[in-house]
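Trainee: Chains as they are written, first to last, in the numbering used here: chain A, 4 to 328; chain B, 4 to 328.
Quick reminder that beta carbons are idealized off the backbone N, C-alpha and C, glycines included.
2 protein chains.
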Amino acid sequence: MRDRVSIGIDIGGTKVAGGVVGPDGVIAGRRRRDTPHLSTAATVIEDLIVEVVEELMTGLDPESVAAIGIGAAGFVAADRATVVFAPHLSWRDEPLRERLQHRLPKPVFIDNDANAAVWAEWRFGAARGHSHVVMITLGTGIGGGLLWEGQVIRGGHGIAGEYGHMQVVPDGIRCQCGNRGCWEQYASGNALVREARALVTSRSPIAMDMISRVDGDPANLTGPLITEAAREGDRMAIELLAEIGTWLGVGMANLAAAFDPGIFIVGGGVSAAGDLLLDPARVAFAKQLTGRGHRPEARIVVAELGNDAGLIGAADLARASVDGP
Amino acid sequence: MRDRVSIGIDIGGTKVAGGVVGPDGVIAGRRRRDTPHLSTAATVIEDLIVEVVEELMTGLDPESVAAIGIGAAGFVAADRATVVFAPHLSWRDEPLRERLQHRLPKPVFIDNDANAAVWAEWRFGAARGHSHVVMITLGTGIGGGLLWEGQVIRGGHGIAGEYGHMQVVPDGIRCQCGNRGCWEQYASGNALVREARALVTSRSPIAMDMISRVDGDPANLTGPLITEAAREGDRMAIELLAEIGTWLGVGMANLAAAFDPGIFIVGGGVSAAGDLLLDPARVAFAKQLTGRGHRPEARIVVAELGNDAGLIGAADLARASVDGP
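#1: Count the other C-beta atoms from every protein chain shown that fall within 10 angstroms of the C-beta of residue 76 of chain B, then say buried if there are 16 or more, exposed otherwise.
#2: How about residue 125 of chain A: is its C-beta nearer than 8 Å to some C-beta of chain B?
#3: If contact means a Cβ-Cβ distance below 8 Å, which residues of the region 147-165 of chain A contact chain B?
#4: I want to see whether chain A comes within less than 8 Å of residue 298 of chain B, judged by CB atoms only; does it?
#5: Between A/203, A/27, A/100, which has its C-alpha nearest residue 83 of chain A's C-alpha?
#6: DSSP on residue 95 of chain B, reduced to helix/strand/coil?
#7: Exposed or buried, residue 9 of chain B, counting other C-beta atoms within 10 Å across all chains shown (16 or more means buried)?
#8: Name, going along the chain, the residues of the region 106-133 of chain A whose beta-carbon falls closer than 8 Å to a beta-carbon of chain B.
#9: With a threshold of 16 other CB atoms inside 10 Å of the CB of residue 206 of chain A, please say whether the residue is buried or exposed.
#10: Apart from the five residues just before and just after residue 232 of chain A, which ones in its own chain have a Cβ nearer than 7 Å to its Cβ?
#11: Rank A/172, A/324, A/160, A/183 by C-alpha distance to the C-alpha of residue 301 of chain B and give the top, closest one.
#12: Cβ closer than 8 Å: which chain B residues qualify as neighbours of residue 140 of chain A?
#13: Using only CA atoms, which one of A/228, A/272, A/195, A/258 lies nearest to residue 293 of chain A?
#14: If you pair each beta-carbon of the region 262-271 of chain B with each one of the region 124-142 of chain B, do three or more pairs fall below 8 Å?
#15: Closer than 8 Å is the cut-off here; do at least three beta carbon pairs connect the region 234-250 of chain A with the region 111-124 of chain A?
#16: For a cutoff of 8 Å on Cβ pairs, would you count residue 263 of chain A as touching chain B?
#17: Looking at residue 112 of chain B and residue 81 of chain B, is the spacing between their C-beta atoms short of 8 Å?
#18: Comparing the C-beta of residue 85 of chain A with each C-beta of chain B, is any distance below 8 Å?
#19: Helix, strand or coil: how does DSSP classify residue 135 of chain B here?
#20: Could you give the first and the last residue of the continuous beta strand (DSSP E) run that contains residue 30 of chain B?
#21: Quick check: residue 314 of chain A and residue 11 of chain A, are their CB atoms within less than 8 Å of each other?
#22: Which class does residue 118 of chain B belong to by DSSP, given the choice of helix, strand or coil?
#23: Give me the chain A residues within the contact set of residue 249 of chain B, using Cβ-Cβ distance strictly less than 8 Å, ordered along the chain.
#24: Can you list the residues of chain A that residue 255 of chain B reaches, using a CB-CB cut of under 7 Å?
#25: Please return the same chain residues whose Cβ sits closer than 7 Å to the Cβ of residue 67 of chain A, not counting the five positions on each side in sequence.
#26: Buried or exposed for residue 211 of chain A, please, with buried defined as at least 16 other CB atoms from any protein chain shown within 10 angstroms of its CB.
#27: For residue 182 of chain A, decide whether its Cβ has a neighbour in chain B, counting only Cβ atoms nearer than 8 Å.
#28: Alpha carbon to alpha carbon, how far is residue 123 of chain A from residue 87 of chain B?
#29: Run through the DSSP bridge pairs and tell me what residue 302 of chain A is partnered with.
#30: Using a Cβ-Cβ cut-off of less than 7 Å, give me the residues of the region 278-295 of chain B that come near chain A, in sequence order.
#31: Which first and last residues belong to the alpha helix (DSSP H) in which residue 9 of chain B is found?
#32: Note down the Cα distance separating residue 38 of chain A from residue 19 of chain A, rounded to an integer number of angstroms.
#33: Taking residue 296 of chain B as the reference, which of A/56, A/172, A/181, A/251 has the closest Cα?
#34: If we ignore side chains and look at the alpha-carbon of each, how far apart do residue 53 of chain A and residue 201 of chain A end up?
#35: Using three-state DSSP, classify residue 155 of chain B as helix, strand or coil.
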């Protein structure tokens, strides 16, 4: 049964995306629902998941489907059954696996979306062949996954990899998590847009080109727009990506001190900036790495599977739980 | 052969300590040599190790000895054969295992001393029964070990667990590693003594009792003396241990965000301060932990095996490599 497909579902803050994933990681069919808003009731999300899975399974031989994997942005308990806390959803200690298993015809597994993503990159993407992998997903915040000798390290309570909430600046910028100085306040899409808005609002001389680009309205600034501007040579955008990248490198050096990975995979929307982000990160990493000169340095590369990593990984983790690796 | 003993050797900056360790972790015999000074030639240390092992094996049935384990303060490569870099010794890419194996009658394994310590605490000490363990050894600096599902995580290049060199203060105090703001500059025996000396030297009002305690000479200050003073109610000593403890808690919250251990084990000389150190650490940890209120909190406890953890762990890791767990 090693050639069975699986169903992967990626639940973010604003969408439920699903796909049929082959044992080779290729997505054969997709479905998607937008979720109305942050406070969408848990049962509504559940209904959307069931709808998406049923649509994806229509026309498939049920025998050819091994399992259903759900990747969710939130703390998932070590039992891979309960969503303990999802900051962008209304789930609190939600027994999601049990609820879904009653309504779906195949074994269901829940994972944190970043854990799913690092698995996908290790099986099919940029981390193939590596035994010690740290994945950093730069979206609105920082997501993280940790893989060691072919296994996702989920932590004692299932919530490892929350790198974004490591403190890098004492008494620093307040984070949505309630603390101050969290890494993701300095190296994330939110940080990029916040700093750009500050420069545009203050009408800094370096912001003049950007001000015309957004018709003078800081609210029009987005991560993709800043990345595009940087690619076209906008000095402010290049500087801001370098700032974000420098903080990225500092945080990666911290993670290297602790875990000593062979490779860092950088994914998420902000990683689309490529070397405009990663070159400053590599410089800061090399400067900050403890024992530099006496140790091999980890590689720092962009993720290969883009936005599909969570979906592919959730599906493949579920498949591997049923059919083996 | 599961009842064979093993020989453990702990190499620090100033000593070579050895012991015969039973499969139950109990030390049956000890030998020790002081090492002259930091620049002691690699071959001298080697000779001392061979001497200590030979003395320990005298009178033992050679068949009853499974292996010889060396725990060294330094970067040990993932092959457990090479000391890449030892800050307090003159080893640089030293093929220690090969050199010793030529001269010793049993299989030799090299490990980082902190890796050995976390293994010992998991097998015989405070971490028994835990699957996700972070050990923090507070000596002159911070050593670290990481254990997951009964395996020491050594990292992609063998040098995981260097927690002490995670940056906690941007542009902070210069560290011996060459960087600034490393955690061990804020939470270690060195930090404790440095701050105490500064207060004594400045003749701060809070230092008056301590000044008489050290006969006015800041050079007389040591970690154990400060801990003893704190136990006797010295206000300056209590405050300094609380400062160190607070930074300890902040760094542990960072590690919890990344690795989510079930338990933190705090060892090393400074841990002798017990709750004078750990209570402030627990407060800072609880305050700084991301997702607090939505997650189980890791326990924070003092190591049980004291200075013997490295020796016992090195011996038992070697034994387990030959005879199985």
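Mentor: The answer reads as follows:
#1: Walking along the second sequence from the start, residue 76 of chain B turns up at place 73. Per the 10 Å Cβ criterion, buried.
#2: Indexing the first sequence from 1 puts residue 125 of chain A at position 122. By this cut-off, residue 125 of chain A is not an interface position.
#3: 147, 149, 151, 156, 157, 158, 159, 160, 161, 162, 163, 164, 165
#4: Residue 298 of chain B sits at position 295 when you count from the first residue of the second sequence. At least one chain A Cβ lies under 8 Å of residue 298 of chain B.
#5: Taking the first sequence and counting its residues from 1, the one referred to as residue 83 of chain A is at position 80. Residue 83 of chain A has its Cα closest to that of A/100, out of A/203, A/27, A/100.
#6: One-based indexing of the second sequence puts residue 95 of chain B at position 92. Residue 95 of chain B falls in the strand class under three-state DSSP.
#7: What you label residue 9 of chain B is simply residue 6 of the second sequence in a count that begins at 1. Residue 9 of chain B comes out buried.
#8: 133
#9: Start at 1 with the first residue of the first sequence, and residue 206 of chain A comes out as number 203. So residue 206 of chain A ends up on the exposed side.
#10: Here residue 232 of chain A corresponds to residue number 229 of the first sequence, with the count starting at 1. 213, 216, 240.
#11: Residue numbering aside, residue 301 of chain B sits at position 298 when the second sequence is read from its first letter. The option with the nearest alpha carbon to residue 301 of chain B is A/160.
#12: As a working mapping, residue 140 of chain A is identified with position 137 in the first sequence. In chain order: nothing, as chain B lies at least about 14 Å away.
#13: Indexing the first sequence from 1 puts residue 293 of chain A at position 290. Checking every option, the nearest Cα to that of residue 293 of chain A belongs to A/258.
#14: yes
#15: no
#16: Taking the first residue of the first sequence as 1, we reach residue 263 of chain A at position 260. Chain B contact via Cβ: present.
#17: Stepping through the second sequence from its first residue, residue 81 of chain B is reached at position 78. Stepping through the second sequence from its first residue, residue 112 of chain B is reached at position 109. The answer is no: Cβ separation not under 8 Å.
#18: Position 82 of the first sequence holds residue 85 of chain A. So no, residue 85 of chain A is outside the interface.
#19: Within the second sequence, numbered from 1, the residue matching residue 135 of chain B stands at position 132. Residue 135 of chain B: strand per DSSP, three-state reduction.
#20: Along the second sequence, one-based indexing puts residue 30 of chain B at 27. It spans 30-37 - the beta strand (DSSP E) in which residue 30 of chain B sits, taken as one unbroken run.
#21: Taking the first sequence and counting its residues from 1, the one referred to as residue 314 of chain A is at position 311. Taking the first sequence and counting its residues from 1, the one referred to as residue 11 of chain A is at position 8. Yes. Within cutoff.
#22: Locating residue 118 of chain B in the second sequence gives position 115, where the first residue counts as 1. Correct three-state label for residue 118 of chain B: helix.
#23: In the second sequence, residue 249 of chain B corresponds to position 246, counting from 1. The contacting residues do not exist; residue 249 of chain B stays about 11 Å from chain A at best.
#24: Here the question's residue 255 of chain B lines up with position 252 in the second sequence. Result: empty, since nearest Cβ-Cβ is about 11 Å, beyond 7 Å.
#25: Along the first sequence, read from residue 1 onward, the residue named residue 67 of chain A stands at position 64. So the list reads 7, 8, once near-sequence residues are dropped.
#26: The count along the first sequence starts at 1 and reaches residue 211 of chain A at position 208. The residue in question, residue 211 of chain A, is exposed, as its Cβ has fewer than 16 Cβ neighbours within 10 Å.
#27: Mapped onto the first sequence, residue 182 of chain A falls at position 179. By this cut-off, residue 182 of chain A is an interface position.
#28: The residue labelled residue 123 of chain A in the question sits at position 120 within the first sequence. The residue labelled residue 87 of chain B in the question sits at position 84 within the second sequence. C-alpha separation (whole angstroms): 33 Å.
#29: Locating residue 302 of chain A in the first sequence gives position 299, where the first residue counts as 1. Paired residues: A/266.
#30: 291, 293, 294
#31: What you label residue 9 of chain B is simply residue 6 of the second sequence in a count that begins at 1. No alpha helix (DSSP H) contains residue 9 of chain B, which is instead part of the beta strand (DSSP E) from 8-14.
#32: Against the first sequence, residue 38 of chain A aligns to sequence position 35. Against the first sequence, residue 19 of chain A aligns to sequence position 16. Spanning the two alpha carbons is a distance of roughly 7 Å.
#33: Against the second sequence, residue 296 of chain B aligns to sequence position 293. Residue 296 of chain B has its Cα closest to that of A/181, out of A/56, A/172, A/181, A/251.
#34: As a working note, residue 53 of chain A is residue 50 in the first sequence. As a working note, residue 201 of chain A is residue 198 in the first sequence. One C-alpha to the other measures close to 43 Å.
#35: On the second sequence, residue 155 of chain B is found 152 positions in, with the first residue counted as 1. Of the three classes helix, strand and coil, the one that applies to residue 155 of chain B here is strand, per DSSP.
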